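Visitor: The structure's right below; bear with me while I get my questions together.
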Amino acid sequence: MQDTNNFNNLAFYESIINSSDDAIYSIDFDGTIITWNKGAEELFNYTADSVIGKNIIFLLPKVIIHEEEIILNRIKAGEHIRHYETKRLRSDGTIVYVSLTISVVKNKKGEIIGASKIARDITDAKIAEQLLVKAESNYKRLVDNILDGLMIDDINGKIIYANNQFLKLFGLISNDLNNIILEDYIAPEYKQILRDRHDRRIAGDDVPDTFEYLGIKKDGEKRWMEVRVSKVYDDGQIVGTQSVIRDITEQKVANEKIIISEKIYKTIAANLPDAIVTIINKERKYVLIEGEGLINLGLDKNRLLNKPKFEGLTLAAEMEVEELRNRAFNGENLTEIVKAKDLYYNVRYLPIKDEDGMINSVMTISLDITDIKRAEIGIKEHNESLEKKVKERTLKLEAAINEIESFSYSVSHDLRAPLRIINGYADILQKDYKENLDDEGKRFLESIKNNTGRMGILIDELLNLARLGRKEMS
5 MQDTNNFNNL AFYESIINSS DDAIYSIDFD GTIITWNKGA EELFNYTADS VIGKNIIFLL
65 PKVIIHEEEI ILNRIKAGEH IRHYETKRLR SDGTIVYVSL TISVVKNKKG EIIGASKIAR
125 DITDAKIAEQ LLVKAESNYK RLVDNILDGL MIDDINGKII YANNQFLKLF GLISNDLNNI
185 ILEDYIAPEY KQILRDRHDR RIAGDDVPDT FEYLGIKKDG EKRWMEVRVS KVYDDGQIVG
245 TQSVIRDITE QKVANEKIII SEKIYKTIAA NLPDAIVTII NKERKYVLIE GEGLINLGLD
305 KNRLLNKPKF EGLTLAAEME VEELRNRAFN GENLTEIVKA KDLYYNVRYL PIKDEDGMIN
365 SVMTISLDIT DIKRAEIGIK EHNESLEKKV KERTLKLEAA INEIESFSYS VSHDLRAPLR
425 IINGYADILQ KDYKENLDDE GKRFLESIKN NTGRMGILID ELLNLARLGR KEMS
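Residue numbers for the sequence shown follow our numbering, so the first one is 5 and each next one is one higher.
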């Protein structure tokens, strides 16, 4: 053990040392604790009486058990150690993080006889630091694994950070970021636009936060990029910008194709004679409405877009149309006749499905059939008029037939009586007076009988003619 009398020279400072919030203690070169202040008692939860004379080794976790030997060797060499961060054990076995400032202790002869240590509790700060490091690590891992590219540049436009996805978007490697600025890997026609917006944003001007540009990968391939830019602040000052970048090439190409289909479709639909073509979304609102038929109804398509009702329908027609729409959204293909104002339309309802097979809208194709419908109505009215006339004339004909029949019976009765008399007298003359008649008389008598016979036949035919009106046509 070293000469402890040398440490008694420090008694003058004991009161000052004990008033310190930091743990202050001293050891000799064997590691034996010589002094132990109140701050050390509070920090490590050991009283001075329980530790003075013991080796300092009980404060060290096993994983750093050789640390004290290393520190003492540095002290023996005369080194002053400042803000050395390490771990120590409390009496209950819990870890406390400390920042050590270690100074040499010399005797009157100037010989180094031990070390004085000031230990400051940095547990909260250390835990916060570890949490921050972990959070930063998690953030970096999160940023590196998001599907969008993330890039941060300074006020001059030099890229100071980019995540993995950004590198993939442009076919770069980490070393490529050392000397590139935001205009690199951007099509020439967009370079000045991006630079102007960057400088204006740094200056605090309001510029669009989202825009599209044509990027160029390291291998020369051109890709469409969508960018969302925000400002980066430090102490309230703009120090750069952060950009979130997404490759939208496939979407852009697909949208352009859709626009060209859509343009052709609108052109065809707009020029269909006397027709109206609409598309209705799930909210039952018109997202497309075209066709010359709108002119006939006196409607403005721009006034109907994004609205649920079609103008010119009666309340009953609106209810009918709503039912037809619902059926179409349930998957039915329908064709119905709908009246709008004074015009008639043959309306076809066609469900439209998305890529997942779900119905997301309904198309209607309305053809003006007013002329046909009016012709049908005219024909119906004409047929009804004809039927009425036929009934009226049939009644008149039946009355006439009845009159003819009555007349025929009357004529038949009135004509048959004199014929029977004439024919009877002719028979008497022929039987009783035949011998008294010469040849000329006999001829006259025969002629009378022949003509009365013919007259009888005519009367019979007249009756048959009257009866035809009551028989079916054969």
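For every residue, glycine included, the Cβ atom is placed at its ideal position computed from N, Cα and C.
Note that the structure is a prediction, hence the values are computed from the model and not measured.
1. Are LEU47 and ALA123 touching if we call contact CB-CB under 8 Å?
2. Kindly indicate which three-state DSSP category ALA81 falls into: helix, strand or coil?
3. Starting from SER95 and walking both ways along the beta strand (DSSP E), at which residues does that stretch end?
4. So, SER178 versus LEU186, is the Cβ gap smaller than 8 Å?
5. Quickly, what does DSSP pair PRO355 with across the bridge? List them, please.
6. How should MET155 be labelled, buried or exposed, when 16 other C-beta atoms within 10 angstroms of its C-beta is the threshold for buried?
7. How far does the beta strand (DSSP E) with PHE215 in it extend, from its first residue to its last?
8. For the alpha helix (DSSP H) containing VAL55, list its first residue and its last residue.
9. Identify which residue in ASN455, MET229, SER247 and ARG227 has its Cα closest to the Cα of VAL236.
10. When the Cα atoms are used, what is the spatial distance from LEU466 to ARG458?
11. Give the straight-line distance between the Cα atoms of ASN9 and THR36, rounded to the nearest whole angstrom.
12. Is the stretch 281-290 touching the stretch 182-198, taking contact as three or more C-beta pairs under 8 Å?
13. In or out: GLU225 buried (at least 16 other Cβ within 10 Å) or exposed?
14. Near GLY43, which residues of its chain fall below 7 Å by C-beta distance, leaving aside the five closest residues on each side in sequence?
15. Using only alpha-carbon positions, find the residue among LYS286, LYS80 and SER54 that is nearest to VAL108.
16. For my contact list, TYR88 and ILE126 are in at a C-beta cut-off of 8 Å; report their separation, rounded to the angstrom.
17. Using DSSP with H/G/I as helix, E/B as strand and the rest coil, what is GLU133?
18. Buried or exposed: MET323, going by 16 or more other Cβ atoms within 10 Å of its Cβ?
19. When the distance is taken between beta carbons, is ILE68 closer than 8 Å to ILE75?
20. Do you know offhand how far ASP96's Cα is from THR51's?
21. What are the boundary residues of the beta strand (DSSP E) that ARG124 is part of?
22. For LEU186, report the span of its alpha helix (DSSP H) as first-last.
23. If you follow the beta strand (DSSP E) that LEU104 is in, where does it begin and where does it stop?
24. Let me check one thing: in DSSP terms, what residues is THR36 bridge-paired to?
25. Should ALA403 go down as buried or exposed, given a rule of 16 or more other Cβ atoms within 10 Å for buried?
26. Rounded to a whole number of angstroms, what is the C-alpha to C-alpha distance between ASN427 and THR398?
27. With LYS321 as the anchor, note down where its alpha helix (DSSP H) starts and where it stops.
28. When you compare the CB positions of VAL366 and PHE333, do they come within less than 8 Å of one another, or not?
29. Span of the beta strand (DSSP E) holding LYS235?
30. Taking only three categories from DSSP, how would you classify ALA207?
31. Does the CB of LYS222 have a neighbour CB from chain C at under 8 Å?
32. Counting C-beta neighbours from all protein chains within 10 Å, is the total for SER414 16 or more, i.e. buried, or is it exposed?
33. Just curious, the beta strand (DSSP E) that ARG288 is in, first and last residue?
34. Nearest to ALA344 by CA position, among ASN306, GLY297 and GLU388, is which residue?
35. Have a look at GLU385 and ILE376 and give me their C-alpha separation to the nearest angstrom.
36. Taking DSSP's pairing of strands, which residues face MET155 in a bridge?
Guide: Once the coordinates are examined:
1. Yes, the pair counts as a contact, with Cβ atoms nearer than the cut-off.
2. In the three-state scheme derived from DSSP, where H, G and I count as helix and E and B as strand, ALA81 is classed as coil.
3. Premise fails: SER95 is in no beta strand (DSSP E) and is neither H nor E.
4. Annotated as distal: SER178 and LEU186, with beta-carbon spacing of 8 Å or more.
5. Per DSSP, VAL366.
6. Answer is buried; the Cβ neighbour count reaches 16.
7. That run of the beta strand (DSSP E) goes 214-220.
8. Here the alpha helix (DSSP H) through VAL55 covers 52-55.
9. Among ASN455, MET229, SER247 and ARG227, the Cα nearest to that of VAL236 is on SER247.
10. Just so you know, the alpha carbons of LEU466 and ARG458 end up roughly 12 Å apart.
11. At ASN9, the pLDDT of 47 sits below 50, so the modelled position is not reliable; the number obtained from the coordinates is stated separately. So the two alpha carbons sit approximately 15 Å from each other.
12. No, because fewer than three Cβ pairs between the stretch 281-290 and the stretch 182-198 fall closer than 8 Å, the two stretches do not touch.
13. Flag for GLU225 reads exposed.
14. Closer than 7 Å at Cβ, skipping near neighbours: SER24, ASP25, ASP26, ALA27 and ILE28.
15. Comparing Cα-Cα distances from VAL108 to each of LYS286, LYS80 and SER54, the minimum goes to LYS80.
16. Between TYR88 and ILE126, the beta carbon gap of about 11 Å keeps them out of contact (Cβ cut-off 8 Å).
17. Here GLU133 sits in helix by DSSP.
18. By the Cβ neighbour-count rule, MET323 is exposed, with fewer than 16 other Cβ atoms within 10 Å of its own.
19. Taking C-beta atoms as the reference points, ILE75 and ILE68 fail to come closer than 8 Å.
20. Here the alpha carbon of ASP96 sits roughly 13 Å from the alpha carbon of THR51.
21. In the DSSP assignment, ARG124 falls within the unbroken beta strand (DSSP E) covering 116-125.
22. It is not in any alpha helix (DSSP H) - LEU186 carries neither H nor E in the DSSP assignment.
23. Counting along the chain, the unbroken beta strand (DSSP E) around LEU104 starts and ends at 99-110.
24. Paired residue(s): ASN59.
25. Answer is exposed; the Cβ neighbour count stays below 16.
26. Their backbone Cα atoms lie some 41 Å apart in a straight line.
27. Note on identity: in this sequence residue 321 is Ala, with Lys being the wrong assignment. Per DSSP, ALA321 belongs to the alpha helix (DSSP H) from 319-333.
28. Between VAL366 and PHE333, the C-beta gap is smaller than 8 Å, which places the two residues in contact.
29. It spans 226-238 - the beta strand (DSSP E) in which LYS235 sits, taken as one unbroken run.
30. In the structure shown, ALA207 sits in coil (DSSP, three-state: anything other than H, G, I, E or B).
31. No chain C appears in the structure shown, which is made up of a single protein chain.
32. Result: exposed.
33. Counting along the chain, ARG288 sits inside no beta strand (DSSP E), nor does DSSP assign it H or E at all.
34. Taking ALA344 as reference, the option from ASN306, GLY297 and GLU388 with the minimal CA-CA separation is GLY297.
35. Between the C-alpha atoms of GLU385 and ILE376 there is a straight-line separation of about 14 Å.
36. Within the DSSP bridge table, the entry for MET155 names ALA166 and SER247 as partners.
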